[in-house]
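Under the working numbering, the very last position in the sequence shown is 1299; numbers go up by exactly one each time.
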Amino acid sequence: MRVYITVDIEGIAGVVDFSQGDPTGGMDYALGQKLMTLEANAAVDGALAAGATEVVVNDGHGKARNIMPELLHRKARLIQGRVKPLGICAGLDDSFDLALAVGYHAPPSRADGILNHAYHPFMLKWAGVEWDEVGLVAAVAGHFGVSLALVTGDEATIERSEALLPPHVGVAVKKGLTRYAADSLHPEEARERVYAGAKEAVERRSEFEPLRFEAPVVVEETLYYSQQADMVMMIPGMERIDGRTVRYESPTALDAYKTFIATSVVAQHPNVAGR
Ligand SMILES: [Zn+2]
């Protein structure tokens, strides 16, 4: 049984600032890396305890060199490095039996979402619903016929996922107070809960369904600044809704996701992003 685990950093217990996920963050970053790696290990252990025979971990944050290879569970393979096809879903395909998302976070509209964002448009709408990174993972997994069986992160993320996605196991490891403050479990307690959640998710795998969308998948993005939308309009198929908002339709969830990644790269280019 093959289990895919995508790991982000903002929803890891003990992480409350972007410096903890930023390679220029010094000791903050070293701590974030360690917390992320050990919480990923808890999910790997849980999956193995429930019968997984192969586990692939994808480093799903920033330039994707956050997980510390030597500290990662030795039974897991690790996908890392920047310019990864499919980004937070790199390596995910129909060869997996199940997908797990560890350390995820809520979109910008959640005041109680610690380190809230969804890649970096101001607002992402997918099939008419405000969407987030967990939803993107669920959509890509669903395209491949794979169920997202576990979501871990802050309470806002777990609440959203329960409301928007097919049934799955949710594990909250902290509660956001503001975008930059949280009330967190001790990392060891968090790891125990992530372990138990991953084990339960894999054991109950036959109960879960992949997330599917009718074609076409309609995506709307509001960027922070109009010049970002100007440049995103260079991508064929984009429709301009207003100064900062673009819209596009894709035949599949996977195509919609790939186009979203392309818009995100264009909008975040140093010549385009910011004031
Ligand atoms: Zn991240």
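Quick reminder that beta carbons are idealized off the backbone N, C-alpha and C, glycines included.
Exposure of residue i, with buried meaning 16 or more beta-carbon neighbours within 10 Å
{"i": "M1060", "result": "buried"}
{"i": "H1085", "result": "buried"}
{"i": "P1260", "result": "exposed"}
{"i": "R1215", "result": "buried"}
{"i": "T1030", "result": "buried"}
{"i": "E1034", "result": "buried"}
{"i": "G1090", "result": "Checking the sequence shown, residue 1090 turns out to be Asn, not Gly. When all chains shown are included, N1090 counts as buried."}
{"i": "Y1128", "result": "buried"}
{"i": "Y1028", "result": "buried"}
{"i": "L1062", "result": "buried"}
{"i": "G1111", "result": "buried"}
{"i": "N1065", "result": "buried"}
{"i": "P1132", "result": "buried"}
{"i": "L1102", "result": "buried"}
{"i": "A1054", "result": "exposed"}
{"i": "R1134", "result": "buried"}
{"i": "G1169", "result": "exposed"}
{"i": "R1236", "result": "exposed"}
{"i": "T1176", "result": "buried"}
{"i": "L1201", "result": "exposed"}
{"i": "G1075", "result": "exposed"}
{"i": "E1231", "result": "exposed"}
{"i": "D1118", "result": "exposed"}
{"i": "G1137", "result": "buried"}
{"i": "E1157", "result": "buried"}
{"i": "E1179", "result": "buried"}
{"i": "G1056", "result": "buried"}
{"i": "S1288", "result": "buried"}
{"i": "G1166", "result": "buried"}
{"i": "S1250", "result": "exposed"}
Beta bridge counterpart(s) of residue i as assigned by DSSP
{"i": "E1273", "result": "V1242"}
{"i": "R1026", "result": "E1078"}
{"i": "H1157", "result": "It should be noted that the sequence gives Glu, not His, for residue 1157. E1157 is not bridged to any residue."}
Ligand 2 heavy atom lying under 6 angstroms from the CB of residue i
{"i": "H1085", "result": "This structure lacks ligand 2; the ligands present are ligand 1."}
Does the pairing of the stretch 1145-1160 with the stretch 1098-1108 give three or more beta-carbon distances under 8 angstroms? no
Between the stretch 1269-1278 and the stretch 1238-1257, do three or more beta carbon pairs fall short of 8 angstroms? Yes, the stretch 1269-1278 is in contact with the stretch 1238-1257.
Length at least 3, wholly inside the stretch 1166-1222: the beta strand (DSSP E) runs in chain order: The DSSP assignment places complete beta strand (DSSP E) segments of no fewer than 3 residues inside the stretch 1166-1222 at 1172-1178, 1193-1202 and 1205-1208, in order along the chain.
Counting pairs of beta carbons, one from the stretch 1135-1145 and one from the stretch 1087-1094, are three or more of them closer than 8 angstroms? no
Within the stretch 1113-1152, note down every full beta strand (DSSP E) run reaching 3 residues or more, in order along the chain. 1122-1128 and 1147-1150
Could I get the ranges of all uninterrupted alpha helix (DSSP H) runs contained in the stretch 1028-1116, with 4 residues as the minimum, in chain order? 1051-1073
What are the uninterrupted segments assigned as alpha helix (DSSP H) that are 4 or more residues long and contained completely in the stretch 1217-1266, given in chain order? 1250-1256
Three or more C-beta pairs under 8 angstroms: does that hold for the stretch 1184-1196 against the stretch 1284-1293? With fewer than three CB-CB distances shorter than 8 angstroms, the stretch 1184-1196 does not count as touching the stretch 1284-1293.
Can we say the stretch 1049-1057 touches the stretch 1074-1082, given the rule of at least three CB pairs closer than 8 angstroms? no
Cβ pair count under 8 angstroms reaching 3, the stretch 1200-1216 against the stretch 1241-1256: no
Is the number of C-beta pairs between the stretch 1192-1212 and the stretch 1264-1272 that are closer than 8 angstroms three or more? no
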